[in-house]
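*Asks:* In UniProt numbering, the protein residues as written are 1 to 158.
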């Protein structure tokens, strides 16, 4: 990566092998740190579903991050499958992805954003980033159930 690395957020191209690699890395990370019954990663087919919008983060010419956006209920949406590869960490990519999701939510007049992430140390940096954006801890939402391996967060918009 160059010293003047350019970060670009794009809609996902599901035919791009770099995206497939990123999704596989996301699944491997979850499997390495959490039991199978507590993993909520989506398959590439689920990420491509009509109700989902997936965005990728590119650092120079490498796809190094992704975040999904899935509306549910009246005025609510969930952040799904947020992941940044180790090679992309430290460049503000997670922040850019969340900003992109929040801008989209505002455009769509979404009033609440939810997310589920892990409770272990492996997810501490993600939780800290969400907290900086104002996400607060909440109970399970949607189809989620209480799980000691998960934490649930909510951000009230405007």
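A virtual CB, placed ideally from N, CA and C, is assigned to each residue, including glycine.
Just so it is clear, the structure is predicted and the values come from calculations on it, not from any experiment.
What's the C-alpha gap between residue 105 and residue 73?
*Replies:* 13 Å
*Asks:* What span of residues does the beta strand (DSSP E) with residue 129 cover, start to end?
*Replies:* Not the beta strand (DSSP E): residue 129 falls in the alpha helix (DSSP H), residues 124–132.
*Asks:* Using the Cα positions of residue 86 and residue 111, report the straight-line distance between them to the nearest angstrom.
*Replies:* Computed Cα separation, rounded: 32 Å.
*Asks:* Near residue 39, what residues of its chain come up, given a Cβ to Cβ distance below 6 Å and the 5 sequence neighbours on each side ignored?
*Replies:* Sequence-distant partners of residue 39 (beyond 5 residues in either direction) whose C-beta falls short of 6 Å from its own C-beta, in its chain, are 30.
*Asks:* Skipping 5 residues on each side, what residues in its chain have a beta carbon closer than 6 Å to that of residue 17?
*Replies:* Excluding positions up to five away in sequence, the list is empty.
*Asks:* Would you kindly report the start and end of the unbroken alpha helix (DSSP H) that includes residue 53?
*Replies:* Not the alpha helix (DSSP H): residue 53 falls in the beta strand (DSSP E), residues 53–59.
*Asks:* How close, in whole Å, do the beta carbons of residue 155 and residue 141 come, if the pair is a contact with beta carbons under 8 Å?
*Replies:* The Cβ separation is near 12 Å, so there is no contact.
*Asks:* Between which residues of its own chain and residue 157 is the CB-CB distance below 8 Å, once the five residues before and five after are set aside?
*Replies:* Taking residue 157 as the centre and dropping the five residues before and after it, the same chain places the C-beta of 102, 105, 106, 110, 111, 112, 113 closer than 8 Å to its C-beta, in chain order.
*Asks:* Using DSSP with H/G/I as helix, E/B as strand and the rest coil, what is residue 144?
*Replies:* In the structure shown, residue 144 sits in coil (DSSP, three-state: anything other than H, G, I, E or B).
*Asks:* Can you list, in chain order, the residues of its chain whose CB lies under 8 Å from that of residue 97, leaving out five sequence neighbours each side?
*Replies:* Around residue 97: 9, 55, 57, 65, 66, 67, 82, 84.
*Asks:* By Cβ distance below 8 Å, which residues in the same chain neighbour residue 25 in space, the five residues on each side in sequence not counted?
*Replies:* 83, 85
*Asks:* Can you tell me whether DSSP reads residue 41 as helix, strand or coil?
*Replies:* Residue 41: coil per DSSP, three-state reduction.
*Asks:* Any idea what DSSP makes of residue 109, helix, strand or coil?
*Replies:* coil
*Asks:* Considering only the beta carbon of each residue, do residue 78 and residue 118 sit closer than 9 Å?
*Replies:* no
*Asks:* Mark residue 123 as exposed unless 16 or more other C-beta atoms lie within 10 angstroms of its C-beta, in which case mark it buried.
*Replies:* buried
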